[in-house]
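Notes to accompany the following structure.
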Amino acid sequence: MVPAYPAPTPPADDDSPWLTSQQAAAMLGVQRASLYAYVSRGLLRAHSQPGTRGHVYARIDVQRLARQRQAVRNPAQLARSTLDWGAPVLRSAITQVSQGQLYYRGRNALQWAQHASLEDTAALLLDQPITADAHSAHRASSTAAIPHPRPPEQALRAWHSLPANEPHLDQPGWPRPLLQQMLEVLTGLPSTDQAQPLAGPLIHQQLAALWQVDAAGEDTLRQALVLCADHELNASSFAARVVASTGASLHASLGAGLAALSGPLHGGMTAVIDQHWDAWHAAPQADGTLPRSLAQLLADTRINGSPHYCAGFGHPLYPAGDPRSERLLSLLPADAARSALLASVHRHTGLHPSLDYALVAIQRSLGLPAGAAFVLFALGRTAGWLAHALEQRDSGQLIRPRAQYVGLPAETTSQPQAAAATDNAVGNIPGRIIRF
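Numbering (full-length UniProt numbering), first residue to last: 1 to 436.
Next up, the structure:
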C-alpha cells in the first residue's frame, strides 16, 4: 500500500526541497498571483501549511519551470534541452504523458492494466485488432528450484545469438513469438515452439508458474508487465527507433532497446535499488535522517541545489508521483518499513517512489529471485520497443541529429579549391540526399 504522506517541513534553508511563495515567485520572475495559475495548470505542486494560510512549493517544480521559461526565450538552449527532458523531438501516436497520467493510444494505462495482458497491450501499441488469444488455460508445470534470471549482459549475448528472423507482420499474433523469445532470453527458460504464436499460456502466466506465485501475485505480475510496456520517448525506445530508422531488423532494434535498458540510469536502476534495499528499509534513523546510502544518492543527483531524481525516487514527468508505481505498490501487502521510508523520503525531498522502486518492491514482496524486477521491466517494454521500431520504420526517416562542436578550432586550409570540390562531391549537389 502507498502511505499517506505527511505535510512537508517548512523551508528553513537553501537545502530545503520546498520554497515559500516569495522564493518561488522570485525564482520565476513573476508575481505571487501567477503561482496559483501555474498550480491550476499542473505545473507546480503547492502544499498548505497547517495552521497558516500560506503554501510552499516544490523546489524541483519551480526550477524546472524556470528552465522551461528561459528555454523559450533562447532558441539555442531550447535545441540543446531536447535531449534532457526538453521539448518533443519527433511525432508519435503510441504513448502520451499528460497531466500526470499515462495513455496508450489514447487509453488510460492504469484503467487498461486492470484487465489487459501484455499480449493485448502489444496489439494496442502496434495499433492492431485485439482478439481473444487461443492460449492454453493451464499453467506450465513449476520446477523444483526457481532459476535465477540472467544478468542483463548475459541476456544481451543470448539475444544476439538468436537468428534475426523478420516476422510476418500480416500474421495474426505475430508479436507473440518475439515476446516469447525475450522471456526465454531473460529467464533462461528453454525455447518453445514458435510455429504456434497463439498457443500456450500468456507471458504473465508463464512467469507466475516459473516463480511459483499465487493468483494475486500472478495478477500483480500481469499489471506490472502492462504498465512497463511503454513510456513515450524513453532512452531505450529512442535507441530502438534510431536502429530501426537505419532499416535494421526488428531483432536488432529490440537488442538496442535491451542494451539501453540495462544501464543503471534506466532499467538497470532496479539492481541498484535491490542492492540497497535492506539498508534503506532497516530501522529508521534515530535522528530522523535518511539512510546514508540513499542520502548520498540524492546528493549526487542534485541539480541547482534540489533533488532531481535518483535510484528509486522521483520522475521529471510526474512531479506529483508516478501513477504506475502508485498502482503497483497498492497491490502489495502493507509493509511498515516500506511505508516509513517512503514517508521519510517525501518529507525530506518531496520525491515519490519511481517505477523502478515499485518493481523491486514486487520482487521483494513476492519472494521472486534477484533480477526479477529487471525481467518485468524489459519484458514489458519489449511491446513498446516493437511499436516504436515499426512506427519509425513506417516514417521512412533516418534519425540523424547534428552536434554543436565545442572542441579545438578547425585548422585553416590553403587549398580552398580542393575543399570546394569536396563539398560538391559530398553534399552540395542539388536534389541529392546524403545520409550518414
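Every residue gets a Cβ at the ideal spot worked out from N, C-alpha and C, and that includes glycine.
Going by alpha carbons, who is nearest to residue i out of the options?
i       : options                            : result
Trp-385 : Val-360, Ala-122, Ile-130          : Ala-122
Asp-230 : Ser-92, Gln-70, Trp-159            : Ser-92
Ala-102 : Leu-125, Ser-40, Ser-236           : The sequence given here has Leu at residue 102, not Ala. When only C-alpha atoms are compared, the closest one is Leu-125.
Gln-397 : Val-39, Ser-354, Val-89, Gly-29    : Val-89
Ala-279 : Ala-33, Ala-215, Leu-341, Phe-238  : Leu-341
Ala-66  : Ala-37, Leu-28, Tyr-38             : Leu-28
Ala-334 : Glu-218, Leu-366, Gln-404, Gly-380 : Leu-366
Leu-317 : His-352, Thr-20, Gly-173, Asp-394  : His-352
Thr-382 : Thr-246, Asp-394, Pro-175, Ser-293 : Pro-175
Ile-399 : Arg-150, Gly-54, Phe-238, Ala-295  : Phe-238
Gly-100 : Pro-152, Pro-319, Arg-150, Ala-37  : Pro-319
Arg-393 : Gln-70, Leu-169, Ala-113           : Leu-169
Ser-344 : Ala-283, Gly-54, Thr-20            : Ala-283
Gln-70  : Ser-40, Val-30, Gly-407            : Val-30
Leu-146 : Gln-171, Gln-212, Gln-180          : Reading off the sequence, residue 146 comes out as Ile, not Leu. Residue Gln-212 is the option with its Cα nearest to Ile-146.
Leu-258 : Trp-112, Ala-216, Gln-296, Ala-240 : Ala-240
Ser-245 : Met-182, Tyr-405, Leu-379, Ser-395 : Ser-395
Gly-173 : Trp-112, Gln-128, Ala-403, Glu-153 : Gln-128
Ala-164 : Leu-178, Ala-336, Ala-403          : Leu-178
Ala-216 : Gln-114, Gln-154, Leu-294          : Gln-114
Whose C-beta lies closer than 7 Å to the C-beta of residue i among residues of the same chain, with five residues either side of it excluded?
i           : result
Arg-364     : Trp-277
His-148     : Pro-369, Ala-370, Gly-371
Ala-26      : none
Ala-109     : Leu-102, Tyr-103, Leu-227
Arg-338     : His-281, Ala-361
Ala-24      : Leu-35, Tyr-57, Val-62
Glu-166     : Ser-249, Leu-250
Arg-266     : Reading off the sequence shown, one finds His at residue 266, where the question assumed Arg. Once the five neighbours on either side are set aside, the close Cβ partners of His-266 are Ala-235, Ser-236, Ala-260.
Val-243     : Ala-252, Ser-253, Ala-256
Pro-307     : Low per-residue confidence applies at Pro-307: pLDDT is 45, beneath 50, and the placement is therefore not dependable enough to give any value.
Val-375     : Pro-149, Leu-186, Thr-187
Leu-390     : Leu-126
residue 449 : Lying outside 1 to 436, the shown extent of the chain, residue 449 is not represented and no answer is given.
Ala-140     : For Ala-140, the predicted model reports a pLDDT of 49, less than 50, meaning its position is unreliable; a value from the coordinates is still stated below. Closer than 7 Å at the Cβ level, and outside the excluded window around Ala-140, lie Pro-201, Gln-206, Ala-209.
Closer than 6 Å by C-beta to residue i: which residues in its own chain qualify, once you throw out the five before and the five after it? Chain order, please.
i       : result
Ser-16  : none
Ala-158 : Val-185
Ala-358 : Ser-325, Leu-328, Leu-329
Asp-274 : Val-360
Glu-232 : Thr-95, Val-97
Arg-105 : Leu-124
His-138 : Per-residue confidence for His-138 stands at a pLDDT of 44, beneath the threshold of 50, marking its modelled position as unreliable; the derived number appears in the next sentence. Once the five neighbours on either side are set aside, His-138 has no close Cβ partner at all.
Pro-264 : Val-272
Gly-321 : His-352
Pull up the CB-CB distance for residue i and residue j, whole angstroms please, since I reckon it's below 8 Å.
i       : j       : result
Gly-255 : Leu-156 : 7 Å
His-388 : Ile-94  : 6 Å
Leu-290 : His-348 : 6 Å
Gly-314 : Ser-262 : Not really, about 21 Å apart at Cβ, beyond 8 Å.
Ser-21  : Arg-32  : 5 Å
Looking only at its chain, what residues have a beta carbon closer than 8 Å to the beta carbon of residue i, apart from the 5 residues adjacent to it on each side?
i       : result
His-160 : Gly-255
Ala-420 : Low confidence applies here, because Ala-420 scores a pLDDT of 49, under 50, leaving its location unreliable; read the following figure in that light. Same-chain partners within the cutoff: there are none.
Asp-356 : Gly-267, Met-269, Thr-270, Ile-273, Ala-311, Gly-312, Ala-373, Phe-377
Arg-435 : Only weak support exists for where Arg-435 lies, its pLDDT of 44 falling under 50; the value from the coordinates is given anyway. Closer than 8 Å at the Cβ level, and outside the excluded window around Arg-435, lie Leu-398, Arg-400.
Arg-150 : Ala-158, Val-185, Leu-186, Thr-187, Gly-188, Gly-371
Please report the residue range of the beta strand (DSSP E) in which residue i lies.
i       : result
Gln-101 : 101-104
Gln-223 : It is not in any beta strand (DSSP E) - Gln-223 instead sits in the alpha helix (DSSP H) that spans 215-227.
Gln-96  : 95-98
His-47  : 46-48
Ala-58  : 55-58
Thr-412 : First-last for Thr-412: undefined, no H or E at that position.
Thr-20  : 18-20
Could you give the first and the last residue of the continuous alpha helix (DSSP H) run that contains residue i?
i       : result
Tyr-36  : 32-40
Gln-171 : Neither: Gln-171 is in no alpha helix (DSSP H) and is coded neither H nor E.
Gln-205 : 203-211
Gly-148 : For the sequence presented, residue 148 should be read as His rather than Gly. Run containing His-148: none; DSSP gives neither H nor E here.
Val-272 : 269-280
Gly-350 : Per DSSP, Gly-350 belongs to no alpha helix (DSSP H) and is neither H nor E.
His-388 : 372-395
Pro-323 : 323-330
Phe-238 : 235-245
Gln-111 : 109-113
Thr-121 : 118-125
Would you check if there are 3 or more beta carbon pairs closer than 8 Å linking the region 60-71 to the region 37-47? yes
Spell out a yes or no on whether the region 203-214 and the region 403-412 are touching, meaning 3 or more CB-CB pairs, one atom from each, closer than 8 Å. no
Would you say the region 220-227 touches the region 112-120, given that touching needs at least three Cβ pairs under 8 Å? yes
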